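The block underneath contains the structure these notes are about, expressed in structure tokens.
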Amino acid sequence: ISKEPLENIVPLQHPTQNDQTIVTQYEMHSIEDLGILKMDFLGLKNLTIIEDTLARIYKIHNQSINIDAIPLDDKKTYELLQRGESTSVFQLESGGMQRYLKQLKPTELEDIISMVALYRPGPMDSIPDFIAQKHGKKKIIYLHSSLKPILEKTYGVIVTQDQVLEIARSFSGFTYSQADILRKAVGKKIKKLLDEQKEKFITGAKNTQKIEAELAEKVWNFIEPFAGYGFNRAHAAAYATIAYQTAWLKAHYPVEFMSAVLTSEKADVERIAVLIEECKKMKIEVLPPDVNESFMNFSVVDGKNQIRFGLLAIKNVGHNVVEAILMERKERGPYASISDFVSRVSSKDLNKKSLESMIKAGVFDKLGERNQLLQNMEKLLEQARISQKNKINGQKGLFDSAAAGQVSTTWKIKLTAAIPSPESEKLKWEKELLGLYVSGHPLLKYQKLLEKNCLPIVQVSQDLAGRVVRIGGVISSIKKIITKKGQPMLFVNLEDEASRIELVVFPSILENYPAAFQENKIVFVSGKVDMRDNIPKIICNTIEEIVEE
Numbered sequence: 230i231s232k233e234p235l236e237n238i239v240p241l242q243h244p245t246q247n248d249q250t251i252v253t254q255y256e257m258h259s260i261e262d263l264g265i266l267k268m269d270f271l272g273l274k275n276l277t278i279i280e281d282t283l284a285r286i287y288k289i290h291n292q293s294i295n296i297d298a299i300p301l302d303d304k305k306t307y308e309l310l311q312r313g314e315s316t317s318v319f320q321l322e323s324g325g326m327q328r329y330l331k332q333l334k335p336t337e338l339e340d341i342i343s344m345v346a347l348y349r350p351g352p353m354d355s356i357p358d359f360i361a362q363k364h365g366k367k368k369i370i371y372l373h374s375s376l377k378p379i380l381e382k383t384y385g386v387i388v389t390q391d392q393v394l395e396i397a398r399s400f401s402g403f404t405y406s407q408a409d410i411l412r413k414a415v416g417k418k419i420k421k422l423l424d425e426q427k428e429k430f431i432t433g434a435k436n437t438q439k440i441e442a443e444l445a446e447k448v449w450n451f452i453e454p455f456a457g458y459g460f461n462r463a464h465a466a467a468y469a470t471i472a473y474q475t476a477w478l479k480a481h482y483p484v485e486f487m488s489a490v491l492t493s494e495k496a497d498v499e500r501i502a503v504l505i506e507e508c509k510k511m512k513i514e515v516l517p518p519d520v521n522e523s524f525m526n527f528s529v530v531d532g533k534n535q536i537r538f539g540l541l542a543i544k545n546v547g548h549n550v551v552e553a554i555l556m557e558r559k560e561r562g563p564y565a566s567i568s569d570f571v572s573r574v575s576s577k578d579l580n581k582k583s584l585e586s587m588i589k590a591g592v593f594d595k596l597g598e599r600n601q602l603l604q605n606m607e608k609l610l611e612q613a614r615i616s617q618k619n620k621i622n623g624q625k626g627l628f629d630s631a632a633a634g635q636v637s638t639t640w641k642i643k644l645t646a647a648i649p650s651p652e653s654e655k656l657k658w659e660k661e662l663l664g665l666y667v668s669g670h671p672l673l674k675y676q677k678l679l680e681k682n683c684l685p686i687v688q689v690s691q692d693l694a695g696r697v698v699r700i701g702g703v704i705s706s707i708k709k710i711i712t713k714k715g716q717p718m719l720f721v722n723l724e725d726e727a728s729r730i731e732l733v734v735f736p737s738i739l740e741n742y743p744a745a746f747q748e749n750k751i752v753f754v755s756g757k758v759d760m761r762d763n764i765p766k767i768i769c770n771t772i773e774e775i776v777e778e
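Under our numbering, the residue at position 183 of the sequence shown is numbered 412, and the numbers go up by one with no gaps.
Rendered as structure tokens:
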């Protein structure tokens, strides 16, 4: 990795050694297994995150880390997983997986391999037994002694397809090719083919080891539900390796890792909101964009436990103007004032829309108050035009005469006074232009009132299905539709500081509260919890605007 400034380092877009590892670790049993390779490229995004994190570590700490040589018995990594703090960790970040990790308390890579393989339809039913038998809370029983060496390291539970194949070989005397036919038969669920394989399995057990048909049928019933759904071991091991590597980076270099993850998800506002909440839990502060600290993407603030929003995250601000801002700053140093900024940045893309968006997003907060800058937009743009024209004509202005890195700050545009923007307006602008609240949250001043009077949105779950609950938050978006009867109804997103939920507002409720449903309004809502599609929603009954005590 070069020592180029981080903003100039482009995350790898082509397969690396890690990608090749995924491919070469496969044990092919049939030509059909080649189809599995397509699924492995799910890991490419995470490989980019790993490479990006390593680049950030090198730039900030001057440490070059070989991610393929990290210790696989790292205590700090397993402690992170044991606490279920696996948001942004490849394959291990779902709510269900986090719950199982807390119960399992993984202590070695084999545990991660097993969880990756088991956490899918079919095998998932075996997870409680796997956890109980690992911790000795349930006795491990082998139906036959030949199964013990195959299942011992997975606590008597079938975890991978390889184990099914080995059972077929050792228990019933199948060859590798015969075992693979069995695997495909189970996977395709063709009754005629299944019946044939079952008969061969039982006959093979009888002929090979003189095993009675009754026991052979028990073993068949033990492997048959799993064989059609399981991963092969190489697939699970490759995924688990990436999972461990991302967990290791999160445990040892949390700020660098989370900034890389945020950059990889920059186009997904909802995902960014989840990751910022995770940063808060990790005591990492995520700061709004700043003209003298931000780069294109999310970046680590030097020497601090902070991540700074990138300039490209701002709506209406394009790549060209950001590139011009960063290039000028790199060549001639930080911007000393708003006058300095508009006089130095030479870009036709520095227009009214982009400048207004940057001001509203807080980019110039250290150089001026937002509303005052907005009220003086025409003056600022006029100076930008004059400066651009002079440069094109080869004339030297006040700033052109200064040496690089020694910009004159004596001249300033005289700004007309203006009433400062209220905090609520600033947050509204951030929501509009960044997709979420960054410098604060409109609910902060209502925190005690919310804690006293309603349930946190994050606690609305399957356990409350069918029950009426009361929640509070800010209305972040509203979608209106017309029913078959020609009546309006709404789908409303309500969010608090930690989570969000969809409200379903039927026509009768909308008729009762015609003015209550408006974006940015802070409200209490009561309604019934609906778990259709396994996603909690609230069927709205009542709504009231929250008034600060």
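Even for Gly, the Cβ is constructed at its ideal location relative to N, Cα and C. Keep in mind that this is a model prediction, so the values were computed, not measured.
What distance in whole Å lies between the Cβ atoms of Glu748 and Ile707, which are believed to be in contact at a cut-off of 8 Å? As a working note, residue 707 is residue 478 in the sequence shown. As a working note, residue 748 is residue 519 in the sequence shown. About 6 Å separates the two Cβ atoms, so the contact holds.
Around the C-beta of Met587, are 16 or more other C-beta atoms found within 10 angstroms, so that it is buried, or is it exposed? Indexing the sequence shown from 1 puts residue 587 at position 358. That one is buried.
Between Ile369, His373 and Leu394, which has its C-alpha nearest Lys382's C-alpha? For this step, residue 382 is matched to residue 153 along the sequence shown. The shortest Cα separation from Lys382 among Ile369, His373 and Leu394 belongs to Ile369.
Output yes or no for whether 8 Å exceeds the beta carbon distance between Ser488 and Val529. Working through the sequence shown from its first residue, we reach residue 488 at position 259. Working through the sequence shown from its first residue, we reach residue 529 at position 300. Going by C-beta atoms, Ser488 is nearer than 8 Å to Val529.
Under a three-way DSSP split, which group does Ser523 fall into? Your numbering for residue 523 matches position 294 in the sequence shown. Coil.
Quick one: complete beta strand (DSSP E) runs, 3+ long, within the stretch 694-764? 697-711, 717-724, 729-734 and 751-759
What residues in its chain sit with their C-beta under 8 Å from that of Ile543, if we drop five residues either side in the sequence? Taking the first residue of the sequence shown as 1, we reach residue 543 at position 314. Only Pro518, Ser586, Met587, Ala590, Val592, Leu662 and Leu663 meet the Cβ criterion.
So Thr771 is in the beta strand (DSSP E); what residue range does that whole segment cover? Here residue 771 refers to the residue found at position 542 of the sequence shown. Note, Thr771: beta strand (DSSP E), Lys766 to Glu774.
Could you check the C-alpha separation between Ile431 and Gln407 for me, to the nearest Å? Position 202 of the sequence shown, counting from 1, holds the residue named residue 431. Position 178 of the sequence shown, counting from 1, holds the residue named residue 407. Taking the straight line from one Cα to the other gives about 14 Å.
Assuming Arg398 is part of the alpha helix (DSSP H), what are its boundary residues? The residue labelled residue 398 in the question sits at position 169 within the sequence shown. Residues Gln390 to Ser401.
Quick test of your reading: Ser493 and Thr277, contact by CB under 8 Å. State the CB separation rounded to the nearest angstrom. To locate residue 493, count along the sequence shown from 1; it is residue 264. To locate residue 277, count along the sequence shown from 1; it is residue 48. With 8 Å as the limit, Ser493 and Thr277 qualify as a contact, their Cβ atoms being about 6 Å apart.
Tell me the DSSP secondary structure of Val592 in three-state form. For the purposes of this step, residue 592 is taken as residue 363 along the sequence shown, with counting starting at 1. The answer is coil: DSSP assigns Val592 none of H, G, I, E or B.
Would you mind reading off the limits of the beta strand (DSSP E) that contains Arg312? Here the question's residue 312 lines up with position 83 in the sequence shown. That residue, Arg312, is in no beta strand (DSSP E); it is neither H nor E in DSSP.
Taking only three categories from DSSP, how would you classify Ile686? Position 457 of the sequence shown, counting from 1, holds the residue named residue 686. Three-state result, Ile686: helix.
Every unbroken alpha helix (DSSP H) within the stretch 323-403, with a cutoff of 4 residues, ordered by chain: 324-333, 338-347, 356-363, 377-380 and 390-401
Our contact map puts Arg412 next to Val393 with C-beta atoms below 8 Å; I'd like the distance itself, whole angstroms only. The count along the sequence shown starts at 1 and reaches residue 412 at position 183. The count along the sequence shown starts at 1 and reaches residue 393 at position 164. That belief holds up - the Cβ atoms of Arg412 and Val393 are roughly 6 Å apart, short of 8 Å.
Measure the alpha-carbon distance for Ile768 versus Ser728 and round it to whole angstroms. Stepping through the sequence shown from its first residue, residue 768 is reached at position 539. Stepping through the sequence shown from its first residue, residue 728 is reached at position 499. For Ile768 and Ser728, the distance between alpha carbons rounds to 17 Å.
Do Asn534 and Lys512 have their CB atoms nearer than 8 Å? As a first step, residue 534 is located in the sequence shown; it is residue number 305 there, counting from the start. As a first step, residue 512 is located in the sequence shown; it is residue number 283 there, counting from the start. Cβ distance < 8 Å, so Asn534 and Lys512 count as in contact.
Indicate whether the contact test is met: 3 or more Cβ pairs, each with one atom in the stretch 609-617 and one in the stretch 652-659, closer than 8 Å. no
In angstroms with no decimal places, state the Cα-to-Cα distance between Gly351 and Glu453. In the sequence shown, the residue the question calls residue 351 occupies position 122. In the sequence shown, the residue the question calls residue 453 occupies position 224. Cα to Cα, Gly351 sits roughly 11 Å from Glu453.
What do you reckon, is the C-beta of Ser616 under 7 Å from a heavy atom of the ligand GDP? As for the ligand GDP, it is missing from this structure, which has no ligand bound.
Residue nearest to His290 in terms of C-alpha spacing, selected from Met556, Met606, Asp531 and Thr645: Taking the sequence shown and counting its residues from 1, the one referred to as residue 290 is at position 61. The shortest Cα separation from His290 among Met556, Met606, Asp531 and Thr645 belongs to Asp531.
Which residues in the same chain have their Cβ closer than 8 Å to the Cβ of Ala472, if we skip the five residues on either side of it in sequence? Residue mapping note: residue 472 aligns to position 243 of the sequence shown, counting from 1. Around Ala472: Val318, Phe319, Gln320, Leu321, Ile341 and Val345.
Check Leu516 in the structure and name its three-state DSSP category. Taking the sequence shown and counting its residues from 1, the one referred to as residue 516 is at position 287. DSSP places Leu516 in strand when its eight states are reduced to three.
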